[in-house]
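For reference, the structure discussed in these notes is given below.
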Amino acid sequence: MRRWRIWIVPLFLLGLAGLAYGLWATRLGIYWDDVPITWIYHTYGAEGLTRYFSTNRPVWGLLYQLTVPVLGMQALAWHALAILGRWLSGVLLYLFLRAVWRDREDFAVWTAALFILYPGFSQQFIPVVYSHFFIVLNFFLGSFLLSVLAVRQPSRRWRYTLPAWALGLANLLCMEYFFFLELTRPLWLAVAVWQESPAPRSLWQTAKRAFTLWLPYLASLAGVMLWRAFFFGYGLYKPVFYEMLAQNPLGALGYWLTRTVQDAFLTTFKAWDNAFQLPAAQELVPRLLMGYYAVLGATFLLGLAVVWLTRAPRGAASPQPRFWAAPVLLGLAGLAVAGVPYWLTNLPVQLYFHADRFTLSFMLSAVLVVSGLFFALPLPRALRLTALSVFLAFAVGYQYRSAVVYMRDWVVMQRMFWQLSWRMPGIQPGTTLLSNELPMRHYSDNSLTAPLNWIYAPDNTAPELRYALFYPTVRLGANLPGLEKGLPFEWDYLAATFKGNTAQAVAFWYKPPACLRVLDPEIDIENWTLPIYLRDAMALHETAPILPQGNPVLPEILFGAEPQPNWCYYFEKADLARQQKDWQAVVRWGEQAFATGDYPNDPLERFPFIEAYAHTGAYDRAMEQTRLAGEISPVYQRLLCRLWRRIEREAPPTPERDASYQQVMSDFACDEPFTPPPGITPER
Numbered sequence: 171m172r173r174w175r176i177w178i179v180p181l182f183l184l185g186l187a188g189l190a191y192g193l194w195a196t197r198l199g200i201y202w203d204d205v206p207i208t209w210i211y212h213t214y215g216a217e218g219l220t221r222y223f224s225t226n227r228p229v230w231g232l233l234y235q236l237t238v239p240v241l242g243m244q245a246l247a248w249h250a251l252a253i254l255g256r257w258l259s260g261v262l263l264y265l266f267l268r269a270v271w272r273d274r275e276d277f278a279v280w281t282a283a284l285f286i287l288y289p290g291f292s293q294q295f296i297p298v299v300y301s302h303f304f305i306v307l308n309f310f311l312g313s314f315l316l317s318v319l320a321v322r323q324p325s326r327r328w329r330y331t332l333p334a335w336a337l338g339l340a341n342l343l344c345m346e347y348f349f350f351l352e353l354t355r356p357l358w359l360a361v362a363v364w365q366e367s368p369a370p371r372s373l374w375q376t377a378k379r380a381f382t383l384w385l386p387y388l389a390s391l392a393g394v395m396l397w398r399a400f401f402f403g404y405g406l407y408k409p410v411f412y413e414m415l416a417q418n419p420l421g422a423l424g425y426w427l428t429r430t431v432q433d434a435f436l437t438t439f440k441a442w443d444n445a446f447q448l449p450a451a452q453e454l455v456p457r458l459l460m461g462y463y464a465v466l467g468a469t470f471l472l473g474l475a476v477v478w479l480t481r482a483p484r485g486a487a488s489p490q491p492r493f494w495a496a497p498v499l500l501g502l503a504g505l506a507v508a509g510v511p512y513w514l515t516n517l518p519v520q521l522y523f524h525a526d527r528f529t530l531s532f533m534l535s536a537v538l539v540v541s542g543l544f545f546a547l548p549l550p551r552a553l554r555l556t557a558l559s560v561f562l563a564f565a566v567g568y569q570y571r572s573a574v575v576y577m578r579d580w581v582v583m584q585r586m587f588w589q590l591s592w593r594m595p596g597i598q599p600g601t602t603l604l605s606n607e608l609p610m611r612h613y614s615d616n617s618l619t620a621p622l623n624w625i626y627a628p629d630n631t632a633p634e635l636r637y638a639l640f641y642p643t644v645r646l647g648a649n650l651p652g653l654e655k656g657l658p659f660e661w662d663y664l665a666a667t668f669k670g671n672t673a674q675a676v677a678f679w680y681k682p683p684a685c686l687r688v689l690d691p692e693i694d695i696e697n698w699t700l701p702i703y704l705r706d707a708m709a710l711h712e713t714a715p716i717l718p719q720g721n722p723v724l725p726e727i728l729f730g731a732e733p734q735p736n737w738c739y740y741f742e743k744a745d746l747a748r749q750q751k752d753w754q755a756v757v758r759w760g761e762q763a764f765a766t767g768d769y770p771n772d773p774l775e776r777f778p779f780i781e782a783y784a785h786t787g788a789y790d791r792a793m794e795q796t797r798l799a800g801e802i803s804p805v806y807q808r809l810l811c812r813l814w815r816r817i818e819r820e821a822p823p824t825p826e827r828d829a830s831y832q833q834v835m836s837d838f839a840c841d842e843p844f845t846p847p848p849g850i851t852p853e854r
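Residue numbers (my numbering): 171 to 854.
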């Protein structure tokens with residue numbers, strides 16, 4: 171029975187990790203910095219990864235040299251590695267806490283469970299990046315575990331101390347996230363020394379012994395700090411706190427204290443708000459909502475099963491009644507130093523993407539405090555652990571909801587690039603694409619530049635990027651110098667450089683379920699459904715960089731199989747033909763589009779067909795499509811006015827053209843001043 175029991179906890183933690191992070195693994199992709207990293211290796215190999223990480227965390231980058239060549243673009247394999255890393259962190263924490271408090275297995279189990287499911291961090295589903303974060307976290311936890319075992323087993327002290335020191339050094343060299351938690355090691359060693367002493371020690375003796383044991387790790391800490399300060403530098407973020415301290419010492423100290431308290435409260439208590447927010451009606455369709463509650467129930471039952479399976483044998487000694495104070499105090503000590511990298515650089519710790527990545531530094535300390543407070547409650551064991559099972563259930567539910575958002579983003583990203591490839595078979599090298607902030611929370615314009623180059627320049631291995639995708643809201647005034655044509659600029663993509671010019675840009679709009687649409691400045695200048703920043707960016711828009719011939723390559727492993735022709739497929743092809751003024755082709759694409767039985771989700775998707783019908787003399791059909799588009803909103807009527815002015819100017823003169831034009835001008839009051847209807851306020 172005892173041999174079987176040793177597997178209960180690892181299997182329990184694996185079950186939690188699977189429920190939280192594995193249910194949707196086959197339908198998830200790669201996100202955020204995952205995409206540039208995999209593209210850089212695919213394009214530039216190991217040398218490209220070295221360049222990418224050279225300015226920030228070069229030692230951490232060496233881990234990618236081992237994993238990326240093996241896993242490549244296999245999203246499922248990356249998610250498996252990320253889940254394995256998260257699970258292993260829970261197992262290591264369990265073993266560490268068991269080594270520190272050998273008679274409190276229940277505390278170790280439930281703290282590890284809370285740790286695996288911590289709801290203050292939502293980015294587990296970015297697998298390439300965070301699998302490597304958890305590798306470093308496991309270095310840290312493994313080092314702490316071995317250093318305590320060195321105290322517990324003096325005869326094997328050096329056998330444990332040497333790998334503990336090496337793992338601790340690896341943590342310090344790789345990144346800053348768990349760097350200052352090293353300062354808590356002597357406190358943990360002091361607890362182990364105090365418990366291991368055959369005779370009672372004074373606090374001074376305990377502290378002295380713990381400090382002596384910490385000296386090898388302190389030497390590593392000091393050495394790495396000197397390396398970062400004088401040889402490597404601070405990477406992407408500068409320690410602005412030193413300037414604050416020089417200019418206003420009292421204000422700087424007040425800032426530090428405030429941040430310490432705020433971030434500790436946020437990551438320890440406020441983080442659980444995420445878990446206990448039930449999904450809104452529009453967040454999950456009924457099938458997914460049923461799955462959400464099923465996952466909650468399964469997690470709760472799993473927790474109850476472990477409560478029963480790990481119950482203490484009859485006659486077992488009662489654990490220390492005031493045990494909880496030690497983990498709470500150790501957790502508070504960790505919270506006091508966990509955020510030093512962010513307080514030095516004035517980076518905000520938040521509970522939303524993507525600033526919640528910083529909660530990783532606080533995660534261990536936060537769950538120690540929460541778990542310790544749970545064990546402080548004067549409750550029977552079964553009731554306490556049942557309450558903890560409820561916490562676990564809702565934490566799994568939060569990760570389930572997060573996974574759904576990631577899954578949707580993956581689909582939206584794939585569909586966007588397929589539509590882009592239909593609309594732009596080729597793009598002139600050196601072109602900048604300008605877009606609205608796309609409805610994909612877990613991709614940025616930086617992320618999407620990599621697949622853009624993957625598709626349109628698959629064989630380019632030169633250190634110059636061929637294409638860039640910019641959000642004007644992010645890049646204007648920085649990488650994008652202005653909205654005047656003819657301004658050259660460069661963008662450092664770390665592994666490569668993009669050299670562009672504001673004279674060569676294409677603007678598009680994408681907000682599904684509507685199709686991706688290349689903007690038409692003559693029409694869209696009055697489009698109140700567009701954000702103002704995108705209407706301003708149309709000053710740079712040209713269609714000349716869009717080439718009607720090309721061979722975009724969309725690897726199925728990244729973008730899925732090409733969708734069957736649908737409304738958006740025919741619209742994109744028709745809009746490309748409209749750009750070339752091939753009106754017969756637009757009509758042919760339109761016949762196929764309308765034959766699908768589908769319909770536009772944006773009235774402007776009818777505009778190419780209106781214009782083509784007019785140019786081919788089918789004014790009855792042009793007027794029918796005009797009516798359908800105009801009845802949606804007066805906003806679109808105003809745009810139809812502009813479209814028909816162009817038709818009147820460019821279409822062959824006929825009585826039907828003139829009559830249709832006059833009817834549109836009259837029906838939509840085109841010559842009257844226009845006031846947008848209530849509720850139409852474009853983004854700025």
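For each residue, glycine too, the CB sits at the ideal point set by N, CA and C.
This one's a predicted model, so the numbers in the text were calculated from it and none came from an experiment.
Separation of residue j from residue i, as counted between CA atoms
{"i": "F223", "j": "F304", "result": "18 Å"}
{"i": "Y330", "j": "L262", "result": "15 Å"}
{"i": "V805", "j": "F446", "result": "41 Å"}
{"i": "W679", "j": "N671", "result": "21 Å"}
{"i": "W194", "j": "L466", "result": "15 Å"}
{"i": "A392", "j": "M345", "result": "15 Å"}
{"i": "I286", "j": "A506", "result": "22 Å"}
{"i": "A632", "j": "W209", "result": "13 Å"}
{"i": "P333", "j": "Y387", "result": "11 Å"}
{"i": "A487", "j": "I176", "result": "In this prediction, A487 scores a pLDDT of 47, lower than 50, which makes its location untrustworthy; the coordinate-derived value is nonetheless stated afterwards. For A487 and I176, the distance between alpha carbons rounds to 19 Å."}
{"i": "A190", "j": "Y570", "result": "6 Å"}
{"i": "L856", "j": "T480", "result": "Residue 856 is absent from the model: the chain starts at 171 and stops at 854."}
{"i": "D768", "j": "W698", "result": "25 Å"}
{"i": "W328", "j": "A336", "result": "12 Å"}
{"i": "E660", "j": "L622", "result": "17 Å"}
{"i": "D837", "j": "A525", "result": "51 Å"}
{"i": "F348", "j": "T619", "result": "31 Å"}
{"i": "L181", "j": "L258", "result": "11 Å"}
{"i": "Q719", "j": "A675", "result": "18 Å"}
Three-state secondary structure (DSSP) of residue i
{"i": "Y637", "result": "strand"}
{"i": "W202", "result": "coil"}
{"i": "P825", "result": "helix"}
{"i": "E726", "result": "helix"}
{"i": "A486", "result": "Reliability of the predicted coordinates at A486 is poor, the pLDDT of 48 falling under 50, and the value obtained from them is presented with this limitation in mind. Looking at A486 - three-state DSSP - the assignment turns out to be coil, as it is neither helix nor strand."}
{"i": "F561", "result": "helix"}
{"i": "L664", "result": "coil"}
{"i": "K669", "result": "strand"}
{"i": "T602", "result": "strand"}
{"i": "V455", "result": "coil"}
{"i": "I695", "result": "coil"}
Cβ neighbour criterion (16 or more within 10 Å) applied to residue i
{"i": "L460", "result": "The sequence shown places Met at residue 460, rather than the Leu named in the question. Answer is exposed; the Cβ neighbour count stays below 16."}
{"i": "L420", "result": "exposed"}
{"i": "K751", "result": "exposed"}
{"i": "T601", "result": "buried"}
{"i": "E352", "result": "buried"}
{"i": "I253", "result": "buried"}
{"i": "L538", "result": "buried"}
{"i": "E413", "result": "exposed"}
{"i": "R272", "result": "exposed"}
{"i": "G647", "result": "exposed"}
{"i": "N771", "result": "exposed"}
Closer than 6 Å: residue i CB and nearest the ligand SAM heavy atom
{"i": "T515", "result": "The model on display carries no ligand, and the ligand SAM is accordingly not part of it."}
**Report entry** Minimum length 3: unbroken beta strand (DSSP E) runs contained in the stretch 267-344
**Finding:** none
Query raised in the report: Any chance the stretch 648-665 sits against the stretch 557-569, with 3 or more Cβ pairs inside 8 Å?
Result: no
Report task. Would you be able to state if there are at least three C-beta pairs under 8 Å between the stretch 191-207 and the stretch 607-615? Result -> yes
Query - Any 3 or more C-beta pairs closer than 8 Å across the stretch 788-799 and the stretch 765-776 - result: yes
Query raised in the report: For the 8 Å Cβ check, are there 3 or more pairs between the stretch 777-793 and the stretch 749-767?
Result: yes
Query raised in the report: Hey, which unbroken runs of the alpha helix (DSSP H) at 4 residues or more fall wholly within the stretch 743-781?
Result: 753-765
Query raised in the report: Can at least three beta-carbon pairs, one atom from the stretch 213-228 and one from the stretch 514-530, be found at a separation below 8 Å?
Result: no
Report task. Please determine if the stretch 226-242 and the stretch 289-305 are in contact, where contact requires at least 3 C-beta pairs separated by less than 8 Å. Result -> yes
**Report entry** Touching by the beta-carbon criterion (3+ pairs, under 8 Å), the stretch 541-552 and the stretch 577-588
**Finding:** no
Requested in this report: Go through the stretch 396-452 residue by residue and report every complete run of the alpha helix (DSSP H) that reaches 4 residues or more, in order.
Outcome: 411-417, 419-435 and 441-446
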